[in-house]
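Enquirer:
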Amino acid sequence: MRLGFLSLFSLTLALPVSAQDISLRLPVACEIGRTCFIQNYLDRDPSPAASDYQCGTFTYEDHDGTDIRIPNMLAQQAGVDVVAAADGKVASTREGVPDAFVTEETRDKISQIGCGNAVVIDHGQGWRTAYCHMAKGSVAVRSGREVKAGDRIGRIGLSGLTEYPHLHFTVIKDGKPVDPFAYGAPDKSCGGGKSLWEASAQRALAYQAGTVLNKGFASGPVTMAAIESGAAERETPTTKSPALVAYVRAIGLKGGDVQTLTLFDPDGKPLAENKAPPLDRAKAQWMAFSGVKQPEGGFRPGLYRAVYRVERDGKPAIEQAFAISLRP
């Protein structure tokens, strides 16, 4: 859905229009693929369907920017800075929107301020960037201020129309959202166009066909809410825990993907395996877990490993291994 920032933050500019391109740096102070992840790209399909710039499923209908997500609320509470992607002048800001998960009951009301706490930066020559969903109280700039690329302008939050902590980042040229990954490419094209990201950001932002957002071990059943809040991350199972459960949350899965999560004992022997049926359709996120109850006398001390694999069209698509050392 469109977040409405173009109307909320519109400002008439007396600047010449030029074909000059902009060079963007990463708008968040985190490491893509490790401490933050691309959840959605701009929708490049003008039909009711949706497709990202590689004809993948990392988007939804009419999505007009790039969503950069952090793993959970623990990371959000620790603070992840949002920074200016290029030099410019702050055109407008909004502050004071609470951080809260959107619900069906609150969706209609929140959609009126869908962008949440936000900053719009004017870079001249018809270029602007918009930064949405920042944490309440974190906006660090005001209208009219000059900023340099990399200057802190706020922190990732949960304000506005959002179901998880992330930055919604939109690049605007002459009043219209454009795709910084494939600028100038025709609609519905797979690849093509020009990247507007500077060289170092291009490497960090290389397209991934799905990734693991969270992984770990727990001493009992795991819920999506526990993963999102960070409660699951706080657990440290021991040899006396009632169970040992390996869990993952993956994003960007496709219909037909086959997932397998296997838990191994210190000798490398499988203790438990969860092989899920092929997915019926693309999933923005998906949780899987595999585990066993405590054996009589407790778990043997040592290193327990888990391996998560996703097979797509008969070929490996994602593989993630992780481990825990159980102690008394």
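Numbered according to mature numbering (1 follows the signal peptide of the UniProt record, and there is no 0), the sequence shown spans residues -19 to -1, 1 to 309. Idealized CB from N, CA, C, for every residue including glycine.
#1: Alpha carbons only, please: which of I19, A224 and G237 is nearest the one belonging to E277?
#2: Residues in its own chain within less than 6 Å of E300 by CB, not counting five upstream and five downstream?
#3: What does DSSP give as the partner residue(s) for K157 in the beta ladder?
#4: What is the DSSP secondary structure of I134, counted as helix, strand or coil?
#5: Going by DSSP, what residue range makes up the alpha helix (DSSP H) through S210?
#6: Beta-carbon within less than 7 Å of D261's beta-carbon, same chain only, minus the 5 sequence neighbours each way: which residues are those?
#7: Looking only at its own chain, which residues have a Cβ that is under 8 Å from the Cβ of A121, when we skip the five neighbours before and after it?
#8: Under a three-way DSSP split, which group does L148 fall into?
#9: Measuring CB to CB, does F280 end up less than 8 Å from A227?
#10: Of the residues A130, G174 and E76, which one's Cα is nearest the Cα of G69?
#11: Relative to the alpha-carbon of G60, which residue among R88, F82 and T16 has its alpha-carbon at the smallest distance?
#12: K196 and V229 - do their beta-carbons sit closer together than 8 Å?
#13: In three-state terms, what does DSSP make of F162?
#14: Give the secondary structure of S140 by DSSP, where H, G and I count as helix, E and B as strand, and everything else as coil.
#15: Following the continuous alpha helix (DSSP H) through R184, name the residue where it begins and the one where it ends.
#16: Helix, strand or coil: which one does DSSP assign to A213?
#17: Secondary structure at Q58, three-state DSSP: helix, strand or coil?
#18: DSSP state of K117, grouped into three classes?
#19: Here's a check: name, in chain order, each residue in its chain whose Cβ is nearer than 6 Å to the Cβ of D294, leaving out the five neighbours to either side.
#20: Per DSSP, what are the beta-bridge partners of R109 in this structure?
#21: Distance, Cα to Cα, F245 vs A287?
#22: Are at least three pairs of beta-carbons, each pair with one atom in the stretch 142 to 159 and one in the stretch 102 to 110, less than 8 Å apart?
Expert: Result, derived from the coordinates:
#1: The residue labelled residue 277 in the question sits at position 296 within the sequence shown. Measuring from the Cα of E277, the nearest candidate turns out to be A224.
#2: Along the sequence shown, read from residue 1 onward, the residue named residue 300 stands at position 319. So the list reads R290, once near-sequence residues are dropped.
#3: What you label residue 157 is simply residue 176 of the sequence shown in a count that begins at 1. In DSSP, K157 forms a bridge with K154.
#4: Translated into the one-based positions of the sequence shown, residue 134 becomes position 153. In the three-state reduction of the DSSP assignment, I134 falls in the strand class, which pools E and B.
#5: For this step, residue 210 is matched to residue 229 along the sequence shown. Boundaries of the alpha helix (DSSP H) harbouring S210: M205 to S210, taken from the DSSP string.
#6: By one-based count along the sequence shown, residue 261 stands at place 280. Only G236 meet the Cβ criterion.
#7: Taking the first residue of the sequence shown as position 1, residue 121 is located at position 140. For A121, where only same-chain residues beyond five positions count, the Cβ hits under 8 Å are R133, I134 and G135.
#8: Numbered from 1 along the sequence shown, position 167 holds the residue referred to as residue 148. Strand, per DSSP.
#9: In the sequence shown, the residue the question calls residue 280 occupies position 299. In the sequence shown, the residue the question calls residue 227 occupies position 246. No.
#10: On the sequence shown, residue 69 is found 88 positions in, with the first residue counted as 1. That would be A130, whose Cα lies nearest to the Cα of G69.
#11: On the sequence shown, residue 60 is found 79 positions in, with the first residue counted as 1. Ranked by Cα distance from G60, the options R88, F82 and T16 are led by T16.
#12: Start at 1 with the first residue of the sequence shown, and residue 229 comes out as number 248. Start at 1 with the first residue of the sequence shown, and residue 196 comes out as number 215. Cβ distance < 8 Å, so V229 and K196 count as in contact.
#13: Counting from one through the sequence shown, the residue named residue 162 turns up at place 181. Reduced to three states, the DSSP call for F162 is coil.
#14: The count along the sequence shown starts at 1 and reaches residue 140 at position 159. Residue state, collapsed to three classes: strand.
#15: Residue 184 sits at position 203 when you count from the first residue of the sequence shown. Note, R184: alpha helix (DSSP H), A180 to A185.
#16: For this step, residue 213 is matched to residue 232 along the sequence shown. Of the three classes helix, strand and coil, the one that applies to A213 here is helix, per DSSP.
#17: Taking the first residue of the sequence shown as 1, we reach residue 58 at position 77. DSSP places Q58 in the helix class (H, G or I) of the three-state scheme.
#18: If you number the sequence shown from 1, residue 117 lands on position 136. In this structure, K117 counts as coil in the three-state DSSP scheme.
#19: Here residue 294 refers to the residue found at position 313 when the sequence shown is read from its first residue. Excluding sequence neighbours, D294 sits near nothing in its chain.
#20: Your numbering for residue 109 matches position 128 in the sequence shown. For R109, which the question treats as bridged, DSSP gives the partners D103 and I153.
#21: Walking along the sequence shown from the start, residue 245 turns up at place 264. Walking along the sequence shown from the start, residue 287 turns up at place 306. Those two C-alpha atoms are separated by around 6 Å.
#22: In short, these stretches touch, since the Cβ pair count reaches three.
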